[in-house]
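Peer 1: Sharing a structure here in structure tokens format.
2 protein chains.
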Amino acid sequence: MSDNCTPAQLASLIRDNHRFVVMSHVRPDGDALGCTLAMGLCLRQLGKEVAMWNEEGCLEKFSFLPGSELVRKPPAEPQAFDVAFVLDTAVRDRVGACLPAVAKAGAWVNIDHHISNPRFGDLNYIDSAAPATGEILFELFRKMELPVTYEMADNLYVAISTDTGSFQYPSTTARTYEIGAELVRMGVNVGALSQRLYESYPRRRIELLKSLLNALTFTSGDRVASFALTQETTRALGTIPDDNEGLIDTIRAVQGVVVAVFFEELAGEKVRVSLRSKDPRYDVCKIAQQFGGGGHSLAAGIRMPGPLALAQQRVLKAIDESLAAN
Amino acid sequence: MSDNCTPAQLASLIRDNHRFVVMSHVRPDGDALGCTLAMGLCLRQLGKEVAMWNEEGCLEKFSFLPGSELVRKPPAEPQAFDVAFVLDTAVRDRVGACLPAVAKAGAWVNIDHHISNPRFGDLNYIDSAAPATGEILFELFRKMELPVTYEMADNLYVAISTDTGSFQYPSTTARTYEIGAELVRMGVNVGALSQRLYESYPRRRIELLKSLLNALTFTSGDRVASFALTQETTRALGTIPDDNEGLIDTIRAVQGVVVAVFFEELAGEKVRVSLRSKDPRYDVCKIAQQFGGGGHSLAAGIRMPGPLALAQQRVLKAIDESLAAN
């Protein structure tokens, strides 16, 4: 925490510059896009010139976010900025195609809540106790005395709600609920946003769930539950990566399961692995780091070479060994 | 609201009496049991003699609630009380076997948030704007200046969290989040309670989900999604009624679905029907009332005669007609 920038330093940087770009990680979640928009909209209302980029633009399922149309894919032609914000991104490379699109930035600002963040910015504000980067932004806006508009409030609410599993993960604090209350008083419509976030998915997601439940496997004395999604199934069901979000929680919830793992076969014989721990004493980030991944102790991820069956074997073996050693 | 009792009236009634019974509805949910315990523990710490009853006792899945062992099935021999509390119960009969176990009560107190509640108590406190009866109790404890202990806080948190779908249903207000913050400051462990509530179920529930997804049916131009659970499947999977809780939300979430319906075949050719609406303009309580049921506009229930296939036909037809007329 010692080398976090002060809100005053950040406020000066904003006041004294004009051309901004705001970015977040590839395969953006609600915290990534909500923060990109909240910060971008904040800068816009201050009269700044702002680009909001994500490698994938704004995902269709987040198209209800106020200002979502402002989030663009990075341009082919690199651009120069006074300040580049990187939000909710544990490693700078995770902004993906946004990185080469920044020809130059006078200063990089890195605001994040991932404990593994290596503080890659010129200004860094990392608070690993915050359950969402959206909560950090809310507090920074308050401390910088910048107005939080209705549109910003919606985006911050979505950021916080999605990264806390709707105010229920262990990282949720009394302050998180207080911020929830403040955002609702600002006009956030909880029911409408939650319905878009949690109660709305295409029918193919149900088919995917059925397919995954049929492939569910228990290992390590039933303490590990895992399933794998092949490219073949993805094609057969016509699913997109978004359809998978949160499905891992369904298997994590089975009693006795300590670790839930979701293997997703990607194009080019790569495999994306999502890891979830249910036990604070069991740190899945350590497993992820063994394979070049990262994240939090209870939720981590890996991108690794395939083929799928080999990736499954290697990761499940590493988990089995570490569970045995625990 | 005009004939709600005042907190002062309620405080007097508590102060001036000694033998209390606290009850809630059959097939209790988190709000029912959380309120029974919060009120019961409150009365106990005031030195009162308190019985806490539920037709089913405390469900095993709620055994983590502080004081859960105090919730008993009603005794065979009726007992007399000074005051009988009925909490979170839309119709007095819904306390089930608790009712005949009350030989006599000097006063009935009815505290609830169901809009259809006919105010059956001697003292009534009905607030249909409250998302949970637990929220009403919290406010009443505050207004009566009764201390909220750590054990009461846990129970109130569970009551509010479960009845708001973890702070996300449209009924959730800024005040709900503020109460969440207050309860967390009192010592509620959000992660631990939420894990018990939302991330812990027996493996047979996953098998049940798989079975139900295979039986999923879309009617009324795909605006109604329904599934039915037969006694045969219940027996084959060894499931208990609790295993079904919340499964309806999985199908309600499918895009385009306005109404989700879950038919559960009970013993004796009876059928339990759960109805959920996703559209505030479509009131499923009206459908439930056509068949002698009740509830809220977005969540209602029916117990009706079978056989299962006939119940399905009748209810789906009524929904189809009302959707067409809407």
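As you go down the protein sequences, you meet chains A and B in turn.
Start counting at 1 in the first sequence, then tack on 815, and there's your number in the numbering used here.
Start counting at 1 in the second sequence, then tack on 815, and there's your number in the numbering used here.
The beta-carbon is built from N, C-alpha and C at its ideal position, and this holds for glycine as well.
1. So, using beta-carbon positions, are residue 974 of chain A and residue 949 of chain A closer together than 8 Å?
2. Identify, in the order they occur along the chain, each residue of the same chain with its Cβ nearer than 7 Å to the Cβ of residue 980 of chain A, setting aside the five sequence neighbours on each side.
3. Could you tell me whether the Cβ atoms of residue 1117 of chain A and residue 1073 of chain A are closer together than 8 Å?
4. Report back the beta-carbon spacing between residue 985 of chain A and residue 1005 of chain B to the nearest angstrom; my notes put them in contact at under 8 Å.
5. Assuming residue 882 of chain A and residue 898 of chain A make a contact with CB atoms under 8 Å, what is their CB distance in whole Å?
6. Which same chain residues end up closer than 6 Å to residue 953 of chain A when comparing Cβ atoms and leaving out the 5 residues on each side of it in sequence?
7. Quick one: does residue 948 of chain B have its CB under 8 Å from some CB of chain A?
8. Using only the alpha-carbon positions, how far apart do residue 1113 of chain A and residue 823 of chain B sit?
9. Would residue 1026 of chain B pass as a contact of residue 1078 of chain B if the rule is Cβ separation under 8 Å?
10. Would DSSP call residue 818 of chain A helix, strand or coil?
11. Among B:915, B:918 and B:956, whose alpha-carbon lies nearest the alpha-carbon of residue 926 of chain B?
12. Quick one: Cα of residue 1048 of chain A to Cα of residue 1000 of chain A, how far?
13. I'd like to check one pair, residue 1034 of chain B with residue 961 of chain B: are the Cβ atoms closer than 8 Å?
14. Residue 912 of chain B to residue 1141 of chain B, Cα distance in whole Å?
15. Run through DSSP, which three-state label would residue 842 of chain B get?
16. Does residue 982 of chain B come within less than 8 Å of chain A when only Cβ atoms are used?
17. Anything in chain B within Cβ reach of residue 1000 of chain A, meaning under 7 Å, just list it in chain order.
18. Could you check whether the Cβ of residue 1056 of chain A sits closer than 8 Å to any Cβ belonging to chain B?
19. Report yes or no: do the region 1090-1102 of chain B and the region 1064-1072 of chain B share at least 3 C-beta pairs separated by less than 8 Å?
20. State the Cα-Cα distance for the pair residue 833 of chain A and residue 858 of chain A, rounded to the nearest angstrom.
21. Span of the alpha helix (DSSP H) holding residue 938 of chain A?
22. Mind checking whether residue 868 of chain A and residue 842 of chain A have CB atoms under 8 Å apart?
23. Report the option in B:917, B:1024, B:845 and B:1044 whose CA atom is closest to the CA atom of residue 875 of chain B.
24. Where DSSP assigns a beta bridge to residue 899 of chain A, which residues make up the other side?
25. Could you tell me which residues DSSP pairs with residue 917 of chain A in its beta bridges?
26. Strictly under 8 Å for the Cβ-Cβ distance: is residue 839 of chain B near chain A by that measure?
27. Hey, out of B:847, B:861, B:905 and B:902, whose CA is closest to residue 880 of chain B's CA?
28. In this structure, how does DSSP classify residue 871 of chain A when only helix, strand and coil are distinguished?
29. Compare the Cα-Cα distances from residue 872 of chain B to each of B:849, B:1023 and B:1109 and report the closest residue.
30. What in chain A is Cβ-close to residue 1016 of chain B, meaning under 9 Å?
31. Using beta carbons (cut-off 8 Å, strictly below), is residue 965 of chain B in contact with chain A?
32. Pick out whichever of B:860, B:838 and B:1121 has its Cα sitting closest to the Cα of residue 787 of chain B.
33. How many angstroms separate the CA atom of residue 885 of chain A from the CA atom of residue 964 of chain B?
34. Would you mind reading off the limits of the beta strand (DSSP E) that contains residue 1075 of chain A?
35. At 8 Å on the CB atoms, spell out the chain C contacts of residue 1093 of chain A, in chain order.
36. Does residue 969 of chain B pass the burial test, meaning 16 or more other C-beta atoms within 10 Å, or should it be called exposed?
Peer 2: Put simply:
1. yes
2. none
3. no
4. 7 Å
5. Contact doesn't hold; Cβ gap of about 19 Å is too wide.
6. 971 and 994
7. no
8. 47 Å
9. no
10. coil
11. B:956
12. 44 Å
13. no
14. 39 Å
15. coil
16. yes
17. 989
18. no
19. yes
20. 9 Å
21. It is not in any alpha helix (DSSP H) - residue 938 of chain A instead sits in the beta strand (DSSP E) that spans 938-941.
22. no
23. B:845
24. A:836 and A:923
25. A:894
26. no
27. B:847
28. coil
29. B:849
30. 1068, 1069 and 1070
31. no
32. The first residue shown for chain B is 816 and the last is 1141, placing residue 787 of chain B beyond what the model contains.
33. 48 Å
34. 1074-1081
35. Included in the structure are the protein chains A and B, with no chain C among them.
36. buried
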